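Q: Take this structure first; my questions come after.
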Amino acid sequence: MSAASGLDATWQALLAAAAGDAARAARFGLALDAETGWQWRDATSGDAAGAALSALYLPFIQPLHPASAFRVFGHLGQSLDGCVATDSGDACFVTGEANIVHLHRMRALADAVIVGAGTVANDDPLLTTRLVPGPNAVRVVIDPNARLPGRHRLFQDGACPTLHCCRAACTNGPPLPGVGRLDLPDHDPDSGALGLDLHALCMRLSERGLRRLFVEGGGVTVSRFLRVGLLERLQVAVAPVLIGHGRPGVSLPGVDRLSEALRPASRVFRMGSDILYELDLTEAPSPAETRDQTLARVR
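Be aware that the sequence shown starts at 1, since it is given in this note's numbering, and climbs by one per residue.
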């Protein structure tokens with residue numbers, strides 16, 4: 001089997017599994033087990049390239065635990081010096097073509113792709129799956145104060161359903177034609193998080209059948225999801241570019257000691273000249289555990 005055909009068969013299996021089409025997925029060798037979820041009939045998905053594709057995307061499409069209403073993965077593309085954009089907001093493109101294709105694949109497997117108002121204002125993205133076979137996800141734009149004008153492309157192209165998420169009390173501007181409005185409460189200020197109640201957002205999307213959620217940016221939005229504990233996994237693609245000074249990627253409250261830093265389990269994937277780190281936030285050890293493990297290694 002050629003690399004191209006192996007990749008195509010694996011991708012078709014993943015798309016079928018994401019759509020819940022067990023019969024089609026099985027034709028490509030991917031079967032649904034009641035206890036272990038989606039599993040390949042053979043040890044790998046056919047060849048090395050297909051196995052690598054499967055390793056990256058299979059966790060996202062696994063069935064949700066019965067107690068879970070939704071799953072949230074986040075992604076950031078940044079420079080070696082930790083910037084997702086220049087000071088002016090220019091982020092096209094920090095990462096290379098392979099990572100851009102990865103974003104389109106994640107959109108194709110997601111029920112909804114989520115971005116903040118800053119990403120729409122600066123990049124005017126379409127958030128569709130133009131570069132890969134697969135369906136478009138529902139586009140969700142977090143715009144608390146309804147400041148985005150209707151001229152942005154994702155509000156006009158009609159390529160797929162789009163939701164405009166705003167503060168419930170916000171009355172700025174008329175409704176955007178053809179775009180759904182989702183009114184949400186503010187986040188509890190006692191939590192230290194700003195903006196809309198992101199847990200309420202995820203629950204409202206889940207009620208619409210949108211349970212596999214992909215937060216594509218920008219840095220502020222992904223950081224807010226991370227800060228309130230909603231991310232199951234965070235993907236950070238690091239490109240070999242130095243911006244010097246710009247808009248930061250992940251932004252969290254600082255710690256005084258490295259032993260207090262979050263050190264989740266991670267996987268590493270090569271994407272052209274970029275390196276993608278995928279952090280499993282469900283298995284992140286506590287700072288105390290990290291400190292004890294480190295001391296045990298160096299003693």
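The beta carbon of each residue, even a glycine, is placed where N, CA and C say it ideally should be. Please read these numbers as outputs of a predicted model, since none were measured by experiment.
Do you know how far the Cα of L213 is from the Cα of R71?
A: One-based indexing of the sequence shown puts residue 71 at position 71. One-based indexing of the sequence shown puts residue 213 at position 213. Whole-angstrom Cα-Cα distance: 6 angstroms.
Q: Can you round the beta-carbon distance between G77 and V101 to whole angstroms, since I take them to be within the 8 angstroms contact cut?
A: Locating residue 77 in the sequence shown gives position 77, where the first residue counts as 1. Locating residue 101 in the sequence shown gives position 101, where the first residue counts as 1. The Cβ separation is near 12 angstroms, so there is no contact.
Q: How would you label C166, buried or exposed, when you count the other beta carbons within 10 angstroms and need 16 or more for buried?
A: Locating residue 166 in the sequence shown gives position 166, where the first residue counts as 1. The residue in question, C166, is buried, as its Cβ has 16 or more Cβ neighbours within 10 Å.
Q: Could you have a look at D124 and say whether DSSP puts it in helix, strand or coil?
A: The residue given as residue 124 occupies position 124 in the sequence shown. DSSP places D124 in coil when its eight states are reduced to three.
Q: What did DSSP end up calling I114 once you bin it into helix, strand or coil?
A: The residue you call residue 114 lines up with position 114 of the sequence shown. It is a strand residue.
Q: Output the distance between the C-alpha atoms of L53 and G272, rounded to the nearest integer angstrom.
A: Within the sequence shown, numbered from 1, the residue matching residue 53 stands at position 53. Within the sequence shown, numbered from 1, the residue matching residue 272 stands at position 272. If I take the Cα positions, the gap works out to 14 angstroms.
Q: Using beta-carbon positions only, say whether V268 and G116 come within less than 9 angstroms of one another.
A: The residue labelled residue 268 in the question sits at position 268 within the sequence shown. The residue labelled residue 116 in the question sits at position 116 within the sequence shown. It is not a contact, given that the beta carbons lie outside the stated cut-off.
Q: Here's a check: name, in chain order, each residue in its chain whose Cβ is nearer than 8 angstroms to the Cβ of G96, leaving out the five neighbours to either side.
A: For this step, residue 96 is matched to residue 96 along the sequence shown. Correct list, in chain order: A239, M271, G272, S273, D274.
Q: Quick check: A108 and P133, are their CB atoms within less than 9 angstroms of each other?
A: In the sequence shown, residue 108 corresponds to position 108, counting from 1. In the sequence shown, residue 133 corresponds to position 133, counting from 1. Taking 9 angstroms as the Cβ cut-off, A108 and P133 qualify as a contacting pair.
Q: In the DSSP output, which residue or residues are listed as bridge partners for L201?
A: Residue 201 sits at position 201 when you count from the first residue of the sequence shown. Looking at the DSSP assignment, L201 forms no beta bridge with any residue, so it has no partner.
Q: Please classify V255 as buried or exposed, where buried requires at least 16 other C-beta atoms within 10 Å of its C-beta.
A: The residue given as residue 255 occupies position 255 in the sequence shown. Classification for V255: exposed.
Q: Just curious, the alpha helix (DSSP H) that L196 is in, first and last residue?
A: Taking the sequence shown and counting its residues from 1, one reaches residue 196 at position 196. Per DSSP, L196 belongs to no alpha helix (DSSP H) and is neither H nor E.
Q: Looking only at C-alpha atoms, which of P174, L262, L15 sits nearest to T129?
A: Locating residue 129 in the sequence shown gives position 129, counting from the first residue. Here the closest residue by C-alpha is L15.
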